[in-house]
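In the numbering used here, the protein residues as written are -12 to 262. Even glycine gets a Cβ: it sits at the ideal position worked out from N, Cα and C. Data first, discussion second: the structure below is written as structure tokens.
Below you can see the structure in the form of structure tokens.
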């Protein structure tokens, strides 16, 4: 069973797409509601939106399973991501709009959560950790871009309408401020889009856990408003007219990641074939 797709790149940059998957295994789907089967809280179409990244030499790691199966961007011990906030669980039981994801009495118990950790969560993170180690060994540093998107209005998670670009660096602890500053310059360069840094979306578990700039591993998260590239209601259609306006900014964003990585890379050792 394929739980993720991985393609190595030829630069120190890796893009992670932990919420782009839509698959739900049949045994889990049988216990879920019709609302869950719609997988409405997916980070829709991000693999399509960022399909230019491999041409820049950027590797990618993308989940195939829905976040409703298990959230790859949550602490495996179930610790809350935002203290005092309305957090969804490691294995969510409700959607962002509070719709139940499981039929009565069918919510996953602790044994089932552990099974999903071993089957889906740990393989993704082992691959992620291994590739970051490969990049650091080869180039002297690694940069991880954790890519996300969300509806522009989700009352459960934030008030009002979300900014278009929401860059997260765990309050400046997960990446060099010089890197985040250059990225913010790119995101704020267009009058068409609004931008925020380390506000509502500061970065999830992946950003906070793997970001160690003092060890030359830099992680940034971008939470993109889905109104910039798609229809936010079912059937969640990708909008070429909208995407055509936001993609140039994203392409420059990725180019700056690669440029900054090369500026700070050390050595030119060849990739070790670990896979």
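query, result
"My parser needs the beta strand (DSSP E) runs of 3 or more residues fully inside the stretch 173 to 211; what are they?", "182 to 184"
"Would a C-beta distance cut-off of 8 Å place residue 163 and residue 198 closer than the cut-off?", "no"
"Could you have a look at residue 111 and say whether DSSP puts it in helix, strand or coil?", "helix"
"May I have the straight-line CA-CA distance separating residue 128 from residue 200, to the nearest angstrom?", "9 Å"
"Would you say residue 173 and residue 236 are within 8 Å of each other, going by their C-beta atoms?", "yes"
"Would you decide whether residue 142 is buried or exposed? Buried here means 16 or more other CB atoms lie within 10 Å of its CB.", "exposed"
"What residues in its chain sit with their C-beta under 6 Å from that of residue 65, if we drop five residues either side in the sequence?", "77"
"Using C-beta distances below 6 Å, list every residue in its chain close to residue 294, excluding the 5 sequence neighbours before and after it, in chain order.", "Residue coverage of the chain in this structure runs from -12 to 262, which leaves residue 294 outside it and unanswerable."
"Measuring straight from C-alpha to C-alpha, what distance separates residue 90 and residue 20?", "6 Å"
"Straight-line CA distance for residue 104 to residue 41?", "29 Å"
"For residue 109, which residues of its own chain have a beta-carbon under 7 Å away from its beta-carbon, when the five flanking residues on both sides are left out?", "none"
"Under the DSSP definition of a beta bridge, which residues are partnered with residue -6?", "47"
"DSSP state of residue 81, grouped into three classes?", "strand"
"For the beta strand (DSSP E) that contains residue 152, what are its first and last residues?", "152 to 155"
"Whole angstroms are fine: how far does the CA of residue -2 sit from the CA of residue 259?", "At residue 259, the pLDDT of 41 sits below 50, so the modelled position is not reliable and the matter cannot be decided from this model."
"Could you give the residue range of the beta strand (DSSP E) that holds residue 233?", "From DSSP, residue 233 is part of no beta strand (DSSP E) but of the alpha helix (DSSP H) over 227 to 251."
"Helix, strand or coil for residue 260 per DSSP?", "For residue 260, the predicted model reports a pLDDT of 37, less than 50, meaning its position is unreliable and no value from the coordinates is stated."
"Measuring CA to CA, which of 226, 195, 80 is closest to residue 132?", "195"
"Have a look at residue 204 and residue -6 and give me their C-alpha separation to the nearest angstrom.", "19 Å"
"By Cβ distance below 8 Å, which residues in the same chain neighbour residue -10 in space, the five residues on each side in sequence not counted?", "50, 51, 52, 106, 107, 110, 111"
"Quick one: give me the first and last residue of the alpha helix (DSSP H) that residue 100 is part of.", "97 to 103"
"Across which residues does DSSP place residue 1 in a beta bridge pair?", "46, 131"
"Rounded to whole angstroms, what's the CA-CA distance from residue 116 to residue 130? Just pull it up for me.", "12 Å"
"Alpha carbon to alpha carbon, what distance is there between residue 151 and residue 179?", "9 Å"
"From residue 12 to residue 165, what distance separates their C-alpha atoms?", "43 Å"
"Within 7 Å: the Cβ of residue 89 and any heavy atom of the ligand HEM?", "Judged by which ligands are present, the structure shown has none, so any question about the ligand HEM falls away."
"Using only the alpha-carbon positions, how far apart do residue -12 and residue 56 sit?", "14 Å"
"Just how far apart, CA to CA, sit residue 148 and residue 136?", "14 Å"
"Only counting the same chain, and skipping five residues up and downstream in sequence, which positions put a Cβ closer than 7 Å to that of residue 123?", "129, 203, 204"
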